[in-house]
Amino acid sequence: MAAATVAATQPQERAKRTRPKKPPTLRTVLLCAAAYLVGLIFILPYLEMIVTALRPQAELRDRDYLPHHLTFSNFTNIWSTGLGTNLSVSLEISIGATLLVLLVAIPAAYYTSRRKFRGKGVFLILVLVTQMFQPTSLIVGIYQEFTNTVHVNSTVALILVNAGFNLAFAIWILNAYFGAIPKELEEAAMVDGTSRIGAMFRVIIPLALPGIVTALIFTFIAAWNEFITALTLTNTDSSEPLTVKMNTFIGQYSTDWQHLFAGSVIATIPVIILFAFIEGKVVSGLTAGSVK
Amino acid sequence: MQETVDTTADAAAPTAARDRSTGAGPIVRPSLARRARRALAPLPWLAPALALIAFVVLWPVWEMFTTSRQHINSYGFNLGDYGWKNYSTLFADPNLGSVMARTALWTFAIVAITVLISLGLAQLLNRSFPGRRLVRWALIAPWAASVMMTAIVFRWMLDPNNGVVNVFLHQIGVVKDFNGSQASWLGDPTAALWWMIAVAVFVSVPFTTYALLAGLTSIPTDVYEAARMDGAGKWRTYRAITFPLLRPALLVAVLINLMNVFNSFPIIWTMTGGGPDYQTSTSTVYMYALKQFNIGESGALSVVNFGVVIIIVLVFLRANRSALKEG
Numbered sequence: 226m227a228a229a230t231v232a233a234t235q236p237q238e239r240a241k242r243t244r245p246k247k248p249p250t251l252r253t254v255l256l257c258a259a260a261y262l263v264g265l266i267f268i269l270p271y272l273e274m275i276v277t278a279l280r281p282q283a284e285l286r287d288r289d290y291l292p293h294h295l296t297f298s299n300f301t302n303i304w305s306t307g308l309g310t311n312l313s314v315s316l317e318i319s320i321g322a323t324l325l326v327l328l329v330a331i332p333a334a335y336y337t338s339r340r341k342f343r344g345k346g347v348f349l350i351l352v353l354v355t356q357m358f359q360p361t362s363l364i365v366g367i368y369q370e371f372t373n374t375v376h377v378n379s380t381v382a383l384i385l386v387n388a389g390f391n392l393a394f395a396i397w398i399l400n401a402y403f404g405a406i407p408k409e410l411e412e413a414a415m416v417d418g419t420s421r422i423g424a425m426f427r428v429i430i431p432l433a434l435p436g437i438v439t440a441l442i443f444t445f446i447a448a449w450n451e452f453i454t455a456l457t458l459t460n461t462d463s464s465e466p467l468t469v470k471m472n473t474f475i476g477q478y479s480t481d482w483q484h485l486f487a488g489s490v491i492a493t494i495p496v497i498i499l500f501a502f503i504e505g506k507v508v509s510g511l512t513a514g515s516v517k
Numbered sequence: 156m157q158e159t160v161d162t163t164a165d166a167a168a169p170t171a172a173r174d175r176s177t178g179a180g181p182i183v184r185p186s187l188a189r190r191a192r193r194a195l196a197p198l199p200w201l202a203p204a205l206a207l208i209a210f211v212v213l214w215p216v217w218e219m220f221t222t223s224r225q226h227i228n229s230y231g232f233n234l235g236d237y238g239w240k241n242y243s244t245l246f247a248d249p250n251l252g253s254v255m256a257r258t259a260l261w262t263f264a265i266v267a268i269t270v271l272i273s274l275g276l277a278q279l280l281n282r283s284f285p286g287r288r289l290v291r292w293a294l295i296a297p298w299a300a301s302v303m304m305t306a307i308v309f310r311w312m313l314d315p316n317n318g319v320v321n322v323f324l325h326q327i328g329v330v331k332d333f334n335g336s337q338a339s340w341l342g343d344p345t346a347a348l349w350w351m352i353a354v355a356v357f358v359s360v361p362f363t364t365y366a367l368l369a370g371l372t373s374i375p376t377d378v379y380e381a382a383r384m385d386g387a388g389k390w391r392t393y394r395a396i397t398f399p400l401l402r403p404a405l406l407v408a409v410l411i412n413l414m415n416v417f418n419s420f421p422i423i424w425t426m427t428g429g430g431p432d433y434q435t436s437t438s439t440v441y442m443y444a445l446k447q448f449n450i451g452e453s454g455a456l457s458v459v460n461f462g463v464v465i466i467i468v469l470v471f472l473r474a475n476r477s478a479l480k481e482g
């Protein structure tokens, strides 16, 4: 209680002390300027991506920052390269992996948050370790598994791999959300004659919705951006997700930059916006409870 | 210290349960069926997760080890057991030394620079100023975007003919001629490596900054109050209070970065392909390049890489002990 009051009043006091009644000091202005500059630097490449995608063919190689004319034709022409197919492959992989992760992570996270049992610690460690592994470090093994032994089409394989490597984040963040819901709420529902599973669906899942949405968006984006496994397991143009497709636009001698960037804008900007919704919650999921 | 307390608590729990079930009578252990049922109770809830992990994480680990001991020719035909031959080929590989040295430089430089920049940025973004939300959103972009796409944009911005980096450097007089050897940054192995390190820092800073920001906001404000009452200056407050309290967050951020950077693939693959002549390859990129024509040696290198990954994981687990105990 006392700490909370201190916390609430303290920033005002500090503000008063460092900033007399004058309008914003030079310090504040410099601070703001520095922060805006940093912000600008971090979106600069993506602005360049958009600008290049809007450049007319004739101005592609101009040595300037902004073109004189803007054109949207790159965005309409690009579909003739078969981008629609790749877009739907990306969607299939990402949606498939997200659903699979939720299906698998919700029961595991629910049970570990509610029950004490032998091997719980081992289970959570195993999950944490898979978070640390990345498809990259196991790529030779993944390649051998899916070319020699497991014969499924590459989309299914990518759904499985993406789900497996993003499971940890979902389990840890859901475990935290489920754990924060008082047991009494659930028990009340069970006293009223609902089964444990019924209580999970009616009480727990609605209350943990922010956590579920975070896990959902995070997995979707991770699967959407995944590159090395997709590069390794796909071998036909029509089975490639967007990331691999974009890479094929880069040629040894000539590169179709405008279409490349039109495609990149389509593949990138929605994800950045989506990510903004969960920004605050992602860190706690990734650092799995060690940063509080 | 805490760890010891915890193990005893863990050990005590099953004992207590057993005592309760036996009551005051002679030692009657619960029937085998009951114990089996209790042990298997979590299974329906955890089995799907375990199965998925076994299928896409553990199986590839096993495949990787097997591959590293097989003789597989460049057409992909498996000619049977090869003993440790792939490993001797790998260790005799003239590229290995420089690739490993480069990997060490790559990993260390990126993590160090990223952490230094992020420490500053986290301080900056922890202040309140108009438009802070917008700046924090801007910082998200490289984190949310595919690293591969970010790398492609940088490759374009470094284009020797009209990349905006060269346009800018030409304006301020650093780059003399377009299309010259100086302007083709990615053609020179040393310059290319540093540009790629810069790109890797660029994509690593957002997560790191956010992790440190989370650490900063968790520091109770009354600690600062006390420090001010004691007359501690800004720098001293940072060194004596902020930095020590930030250490757990910093440690985890460093380890996650180590893992990401060591395994980093799309930046180098997209910007230089690891070339010319593997001169910009790290061990991950080299492993991928080898996979195309000598998968056995590639398997051996991936086992070596995996060893590094395991070491990072072990350190990570030690750092995460407190989190694990709660679970």
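Quick mapping for you: the protein sequence lines, in order, are chains A and B. First residue of the first sequence: 226, per the working numbering; consecutive thereafter. First residue of the second sequence: 156, per the working numbering; consecutive thereafter. Glycine is no exception: its CB is placed at the ideal position from the N, C-alpha and C atoms.
So, at 8 Å on beta carbons, what are the nonlocal neighbours of residue i in its own chain, with the 5 sequence-adjacent residues on each side left out?
| i | result |
| --- | --- |
| V378 of chain B | I396, L400 |
| A179 of chain B | Its pLDDT being 48, under 50, A179 of chain B is placed unreliably in this model, and the value from its coordinates should be taken loosely. There are no such residues. |
| D165 of chain B | Interpretation of D165 of chain B is limited by its pLDDT of 41, a score under 50 that renders its predicted location unreliable; no figure is taken from the coordinates. |
| I364 of chain A | I453, T454, T457 |
| H484 of chain A | N299, N302, I303, T306, F474 |
What does residue i touch in chain B if you count any residue whose Cβ is under 7 Å from its own?
| i | result |
| --- | --- |
| E370 of chain A | W214, P215, E218 |
| T419 of chain A | The contacting residues do not exist; T419 of chain A stays about 18 Å from chain B at best. |
Buried or exposed: residue i, going by 16 or more other Cβ atoms within 10 Å of its Cβ?
| i | result |
| --- | --- |
| D314 of chain B | buried |
| P285 of chain B | exposed |
| K331 of chain B | exposed |
| R190 of chain B | exposed |
| Q326 of chain B | exposed |
| Y336 of chain A | buried |
| W261 of chain B | buried |
| E412 of chain A | exposed |
| D174 of chain B | Residue confidence is low: D174 of chain B scores 44 on pLDDT, short of 50, so the model does not pin down where it sits. No coordinate-derived value is stated. |
Measuring only between beta-carbons, confirm whether residue i sits less than 8 Å from chain B.
| i | result |
| --- | --- |
| E504 of chain A | yes |
| Y402 of chain A | no |
| D462 of chain A | no |
| E317 of chain A | no |
| T468 of chain A | yes |
| I429 of chain A | no |
| I406 of chain A | no |
| T250 of chain A | no |
| F445 of chain A | no |
| I497 of chain A | yes |
| I398 of chain A | no |
| A440 of chain A | no |
Who are the near neighbours of residue i in its chain, counting only those whose CB is closer than 6 Å to its CB and skipping five residues on each side?
| i | result |
| --- | --- |
| A333 of chain A | I396 |
| I265 of chain B | I352, A355, V356, V416 |
| S457 of chain B | M219, M442 |
| I272 of chain B | V360 |
Run down chain B in chain order and give the residues with a C-beta less than 8 Å from the C-beta of residue i.
| i | result |
| --- | --- |
| F358 of chain A | V212, V464, V468 |
| T355 of chain A | I208, V212 |
Shorter than 7 Å, the distance from the beta carbon of residue i to the closest heavy atom of the ligand ADP, or not?
| i | result |
| --- | --- |
| V490 of chain A | You won't find the ligand ADP in this model; it holds no ligand whatsoever. |
For chain A, find out if any of its Cβ atoms is closer than 8 Å to the Cβ of residue i; answer yes or no.
| i | result |
| --- | --- |
| G454 of chain B | yes |
| A194 of chain B | yes |
| F471 of chain B | yes |
| S301 of chain B | yes |
| V308 of chain B | yes |
| K446 of chain B | yes |
| F420 of chain B | yes |
| L279 of chain B | yes |
| F263 of chain B | no |
| A188 of chain B | no |
| Y441 of chain B | no |
Between which residues of its own chain and residue i is the CB-CB distance below 7 Å, once the five residues before and five after are set aside?
| i | result |
| --- | --- |
| L472 of chain B | none |
| L368 of chain B | A277, L280, N281 |
| T425 of chain B | M303, A306, I307, R310 |
| V314 of chain A | T380, S464, E465, P466 |
| L274 of chain B | L367 |
| Y230 of chain B | none |
Whose Cβ in chain A lies nearer than 7 Å to the Cβ of residue i?
| i | result |
| --- | --- |
| W311 of chain B | T277, W482 |
| V330 of chain B | Going along chain A, no residue has its Cβ under 7 Å from V330 of chain B, so there is no contact; the nearest lies around 11 Å. |
Closer than 9 Å by beta-carbon distance: list the chain B residues that pair up with residue i, in chain order.
| i | result |
| --- | --- |
| A388 of chain A | L207, V211 |
Counting only Cβ-Cβ distances shorter than 8 Å, please list the residues of the segment 282-293 of chain B near chain D, keeping chain order.
Looking at the structure shown, chain D is missing, and the protein chains on hand are A and B.
Going along the chain, which unbroken runs of the alpha helix (DSSP H) with 4 or more residues stay wholly within the segment 197-233 of chain B?
Counting whole runs of 4 or more residues, the segment 197-233 of chain B contains the alpha helix (DSSP H) stretches 198-208, 214-223.
Curious, which full-length alpha helix (DSSP H) runs of at least 4 residues does the segment 336-370 of chain A contain?
Correct list: 345-357, 364-369.
Report the start-end ranges of each alpha helix (DSSP H) in the segment 406-458 of chain A that is 4 residues or longer and not cut off at the edges.
Fully enclosed alpha helix (DSSP H) runs of 4 or longer: 408-416, 421-424, 434-450, 453-458.
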